[in-house]
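*Asks:*
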Amino acid sequence: MQTGENLQGLRNVSDFTRFVSICVVLLHFYLSSHDAFRHWGLTSVEVDHILTPFSQTGLFTSRLKPKLMALLLLCVSLLGVKGKKEEKIRGSTVLLYLLSGILFYFGSHLLPLPHSEIATLLYLVGSAAGYLLLLAGGTLLSRLISINLQGDIFNMANETFPQEERLLENEFSVNLPAKYRLQDRVRSSWINIINPFRALLVLGTPGAGKSYFVIRHVITQHLRKGFSMFLYDFKFDDLSLIAYNTLLRNIGSFQKKPSFYVINFDDLSRTHRCNPLAPDGMEDITDATEASRTIMLGLNREWIKKQGDFFVESPINFLTAVIWFLRRYRDGRFCTLPHVIELMQVEYDHLFPVLRTQKEIEALINPFISAYLNKAREQLEGQIASAKISLARLVSPQLYYVLSGNDFTLDINNPVAPKVVCMGNNPQKLQVYGAVLSLYVSRVVKLVNRKGQLKSSLVFDEFPTIYFNGIDSLIATARSNKVATTLGVQDISQLRKDYGREQAEVIMNTVGNIISGQVTGDTAKLLSERLGKILQERKSVSVNSSDTSFSKSTQLDFAVPASKVSALSSGEFVGMVADNPDTKINLKAFHCEIQNNHEALKREEASYSPLPAIRDISQEEVLSTYDMIREDIRTLVQEELQKLQASSEKIPAEGQPKKKDAESPGQPLSF
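For the sequence shown, position 568 (counting from the first letter as 1) is numbered 915 according to this note's numbering, and the numbering increases by one without interruption.
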């Protein structure tokens, strides 16, 4: 009644129409089989007199016309029927009733009339049965629940949304072809990273396809567009091989031909040498502090969460003092990490007098000297020994050889000498190599993030395996200097473990572009919230003893729920891209499958040239470099102690000259 319809009147009309339909069928039976009815004694003169006018209307001149009219009236009557919906009624049952009814209702015409009373009886029974089956089927049809609530049990169609189908390309962009589903159709789309300088975070558990579907295309497309590049290759030389061969094939894309350099510590014949503590790149003591912090936190990851503690800051300050001493000594002649390690191993009796000759670090070393003079050996060891023990892990002829050379500088985006630098790690030696490579990364970032340089791309595969203090500052400030940063991470929990919760959240929240394969837990929830909500359709059916009601509504819900992010297949990614003021992207979110031409990539990889051998190096040469570094430090200490002895400078202890122990600070150091 809320619709303004007279439901009782509609029901009466429907019932009357059905009654007329039944009357037409009965009249047809009586008139078409009058002889049989007369023979059975079922006729009368009065009835014949009443029905004679109907037989003259033309409707009953054939058997088909009245049956069609009766069927039409039956269908009209069924339109107004609103039976109580039943969940158990199936469409196949309704269809069986209707088809059987049509078969009996019209199949009875095959029986000859009126030659046989049996045939007449069969005709009447078949037609009546067909009519009743049609009536029953029509009634069941009105009680059938037409909404299929189980058709999309995973709600996949509802969780599809339009995505960017245009190819938006510029001189910096990375464009990945993809396919996505919109309702029940598969459409082509593009992931357009038109502003890589706002950083790109690539997430995904092992096997999700981070390198194969995303990072390799960042490398190849940036090199084709003339980017200088720094590449951290965790599983050397998988990505380095791609970078090297792409550079060979696209060398014409650069205004000035770049040089290709490799740093790895396993195969010394295929590595260049580079000093990350090169004096030219260390302008003041803050650079030494940054390098010291990077080394120590890279060697002791648990210290990252304890920054500011006394026994964390003390070894960092001591290492800073040693680095800056070597930077100032003879204009940085011995300012290399191997020399720093060897100098820190010198006994305190000789080390402290030598360090005190450099006035700029006096404030840094005074606490250690005070502890030494006051016989606070336990405190002193707690302050320094942790640094010495950590750095002792880096004592290796191979590391010393690579870290003490100067084949190239780390300013990869220098317009005069652009470079493509690949640095390789080894998962089996992660604890040792990671700290050294972290130092390289720290120095590279400082040098590239300057104005007036070339566009550059920093690609870090498995970023949490190295420590870089200040990644948030790089993401925030490097955009104006055309530095594109790509970070490969397995999961946000991995970042939290290695960088701390606060730093991990800063990285997650400051990147402008994010592409994620399968991830679980908090990472999946964060991604689902970042992608936002879309308008989804909801249907429901309520069946009770007296009525059945349907409801259909729309509501905002997550475009990609966390459960779906946790179940992505390899090559399937979700995420969001950033745009530019001059190139707006309205459809930033995506959930698609990146399309790689697997056969073409296999052929391309089969034609790759191996990384070239750089030099022939023997073990004797490596050991010679190792011994030379140790000799440099021994000579340095001896010369400085001799100068101190000549000037009669002693270390005072509470205003009194210190008594000489078994080995005096003024005596030459013996190894």
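For each residue, glycine too, the CB sits at the ideal point set by N, CA and C. Note that the structure is predicted; figures quoted are calculated from it, not measured.
Taking C-alpha atoms, which residue in G817, E876, L738 lies nearest to V853?
*Replies:* In the sequence shown, counting from the first residue as 1, residue 853 sits at position 506. Comparing Cα-Cα distances from V853 to each of G817, E876, L738, the minimum goes to G817.
*Asks:* Write down the C-beta distance between G573 and F601 rounded to the nearest angstrom, noting that I regard them as a contact closer than 8 Å.
*Replies:* Taking the sequence shown and counting its residues from 1, the one referred to as residue 573 is at position 226. Taking the sequence shown and counting its residues from 1, the one referred to as residue 601 is at position 254. Contact flag correct, Cβ pair sits at about 5 Å.
*Asks:* Taking C-alpha atoms, which residue in C422, R877, Q902 lies nearest to A936?
*Replies:* Residue mapping note: residue 936 aligns to position 589 of the sequence shown, counting from 1. Answer by Cα proximity: R877.
*Asks:* Taking a contact to mean a Cβ-Cβ separation below 9 Å, would you say V984 touches V669 in this structure?
*Replies:* Counted from its first residue, the sequence shown places residue 984 at position 637. Counted from its first residue, the sequence shown places residue 669 at position 322. No.
*Asks:* Which residues bound the beta strand (DSSP E) around A525?
*Replies:* Taking the first residue of the sequence shown as 1, we reach residue 525 at position 178. That run of the beta strand (DSSP E) goes 521 to 529.
*Asks:* Between the alpha carbons of Q745 and E968, how many angstroms are there, rounded?
*Replies:* Here the question's residue 745 lines up with position 398 in the sequence shown. Here the question's residue 968 lines up with position 621 in the sequence shown. Between Q745 and E968, the C-alpha separation is close to 10 Å.
*Asks:* Using three-state DSSP, classify S575 as helix, strand or coil.
*Replies:* To locate residue 575, count along the sequence shown from 1; it is residue 228. In the structure shown, S575 sits in a strand (DSSP, three-state: E or B).
*Asks:* Of the choices I961, K793, I839, L834, whose alpha-carbon is the least far from that of T824?
*Replies:* As a position in the sequence shown, residue 824 is number 477, starting the count at 1. Checking every option, the nearest Cα to that of T824 belongs to K793.
*Asks:* Which residue spans inside the region 796 to 848 form an unbroken beta strand (DSSP E) run of at least 3?
*Replies:* You should have 803 to 807, 830 to 836.
*Asks:* Where does T982 land, buried or exposed, given buried means 16+ other C-beta within 10 angstroms?
*Replies:* Numbered from 1 along the sequence shown, position 635 holds the residue referred to as residue 982. Answer is exposed; the Cβ neighbour count stays below 16.
*Asks:* Please report how far the alpha carbon of P524 lies from the alpha carbon of L586, in whole angstroms.
*Replies:* Walking along the sequence shown from the start, residue 524 turns up at place 177. Walking along the sequence shown from the start, residue 586 turns up at place 239. Cα-Cα distance, rounded: 21 Å.
*Asks:* Helix, strand or coil for S600 per DSSP?
*Replies:* As a working mapping, residue 600 is identified with position 253 in the sequence shown. Helix, per DSSP.
*Asks:* Label K776 either buried or exposed according to how many other C-beta atoms from any shown protein chain fall within 10 Å of its C-beta, with 16 as the threshold for buried.
*Replies:* Residue numbering aside, residue 776 sits at position 429 when the sequence shown is read from its first letter. K776 is exposed by the Cβ-count criterion.
*Asks:* Counting only the same chain and skipping the five closest in sequence on each side, list residues whose C-beta sits under 6 Å from that of A847.
*Replies:* One-based indexing of the sequence shown puts residue 847 at position 500. One point to set straight first is that residue 847 is Gly, not Ala, in the sequence displayed. Cβ within range, chain order: I651, K652.
*Asks:* Please classify S558: is it buried, with 16 or more other beta-carbons within 10 angstroms of its beta-carbon, or exposed?
*Replies:* For the purposes of this step, residue 558 is taken as residue 211 along the sequence shown, with counting starting at 1. Answer is buried; the Cβ neighbour count reaches 16.
*Asks:* Going by C-alpha to C-alpha distance, which of D754, L750, P762, R563 sits closest to L309?
*Replies:* In the structure displayed, the chain extends from 348 to 1018; residue 309 sits before or after that span and is not available.
*Asks:* Using only CA atoms, which one of Y527, G485, F658, G356 lies nearest to F715?
*Replies:* Position 368 of the sequence shown, counted from the first residue, corresponds to residue 715. Checking every option, the nearest Cα to that of F715 belongs to F658.
*Asks:* Is E512 buried or exposed, if buried means 16 or more other CB atoms sit within 10 Å of its CB?
*Replies:* As a position in the sequence shown, residue 512 is number 165, starting the count at 1. Result: exposed.
*Asks:* May I ask you to report which of helix, strand or coil DSSP gives I881?
*Replies:* What you label residue 881 is simply residue 534 of the sequence shown in a count that begins at 1. The answer is strand: DSSP assigns I881 an E or B state.
*Asks:* If you draw a straight line from the alpha carbon of L426 to that of S361, how long is it in whole angstroms?
*Replies:* As a first step, residue 426 is located in the sequence shown; it is residue number 79 there, counting from the start. As a first step, residue 361 is located in the sequence shown; it is residue number 14 there, counting from the start. Each residue's Cα considered, the two are about 8 Å apart.
*Asks:* Quick one: what does DSSP say W671 is sitting in, helix, strand or coil?
*Replies:* Taking the sequence shown and counting its residues from 1, the one referred to as residue 671 is at position 324. Of the three classes helix, strand and coil, the one that applies to W671 here is helix, per DSSP.
*Asks:* Between G655 and G645, what straight-line distance do the alpha-carbon atoms span, to the nearest angstrom?
*Replies:* Residue 655 sits at position 308 when you count from the first residue of the sequence shown. Residue 645 sits at position 298 when you count from the first residue of the sequence shown. Distance between the alpha carbons of G655 and G645: 16 Å.
*Asks:* Please identify the residue among L934, E630, Y579, L874 whose C-alpha is closest to the C-alpha of T832.
*Replies:* For the purposes of this step, residue 832 is taken as residue 485 along the sequence shown, with counting starting at 1. For T832, the nearest C-alpha among the options comes from Y579.
*Asks:* Pop quiz: S639 and I663 are said to be a contact at Cβ under 8 Å. What is the actual Cβ separation, rounded to whole angstroms?
*Replies:* Within the sequence shown, residue 639 is the residue found at index 292, counting from 1. Within the sequence shown, residue 663 is the residue found at index 316, counting from 1. Sure, about 5 Å apart at Cβ, within 8 Å.
*Asks:* Using the C-alpha atoms, what's the distance from K899 back to Q800?
*Replies:* Here residue 800 refers to the residue found at position 453 when the sequence shown is read from its first residue. Here residue 899 refers to the residue found at position 552 when the sequence shown is read from its first residue. Roughly 59 Å separates the two Cα atoms.
*Asks:* Use the C-beta contact count for I642: other C-beta atoms within 10 angstroms, 16 or more gives buried, fewer gives exposed.
*Replies:* The residue given as residue 642 occupies position 295 in the sequence shown. With 16 or more Cβ atoms within 10 Å of its Cβ, I642 is classed as buried.
*Asks:* Within 10 angstroms of the Cβ of D819, are there 16 or more other Cβ atoms? Answer buried if so, exposed if not.
*Replies:* Locating residue 819 in the sequence shown gives position 472, where the first residue counts as 1. Counting Cβ neighbours within 10 Å, D819 comes out buried, since at least 16 surround it.
*Asks:* Is it right to say W387 is buried, meaning 16 or more other beta carbons lie within 10 angstroms of its own, or is it exposed?
*Replies:* The residue labelled residue 387 in the question sits at position 40 within the sequence shown. Label assigned to W387: exposed.
*Asks:* According to DSSP, simplified to helix, strand and coil, what is T930?
*Replies:* The sequence position of residue 930 within the sequence shown is 583, counting from 1. Looking at T930 - three-state DSSP - the assignment turns out to be strand.
*Asks:* Looking at the secondary structure, which residues open and close the beta strand (DSSP E) in which L711 lies?
*Replies:* Mapped onto the sequence shown, residue 711 falls at position 364. That residue, L711, is in no beta strand (DSSP E); its alpha helix (DSSP H) goes 709 to 720.
*Asks:* CB L827 to CB K798, shorter than 9 Å?
*Replies:* The sequence position of residue 827 within the sequence shown is 480, counting from 1. The sequence position of residue 798 within the sequence shown is 451, counting from 1. For the sequence presented, residue 827 should be read as Ser rather than Leu. Their beta carbons are under 9 Å apart, which means S827 touches K798 by this criterion.
*Asks:* Just curious, the alpha helix (DSSP H) that K412 is in, first and last residue?
*Replies:* As a working note, residue 412 is residue 65 in the sequence shown. 411 to 426 is the extent of the alpha helix (DSSP H) around K412.
*Asks:* Excluding the 5 residues preceding and the 5 following R569 in the sequence, name in chain order all residues of the same chain whose CB lies nearer than 6 Å to its CB.
*Replies:* If you number the sequence shown from 1, residue 569 lands on position 222. The sequence shown places His at residue 569, rather than the Arg named in the question. So the qualifying residues of the chain are S804.
*Asks:* Report, in whole angstroms, the separation of the C-beta atoms of V1019 and R740, which I expect to be a contact under 8 Å.
*Replies:* The requested residue 1019 does not occur in the structure, where the chain is confined to residues 348 to 1018.
*Asks:* Can you find the residues in the same chain that come closer than 6 Å, C-beta to C-beta, to I731, ignoring five residues on each side of it along the sequence?
*Replies:* On the sequence shown, position 384 is the one that residue 731 refers to. Hits under 6 Å: F665.
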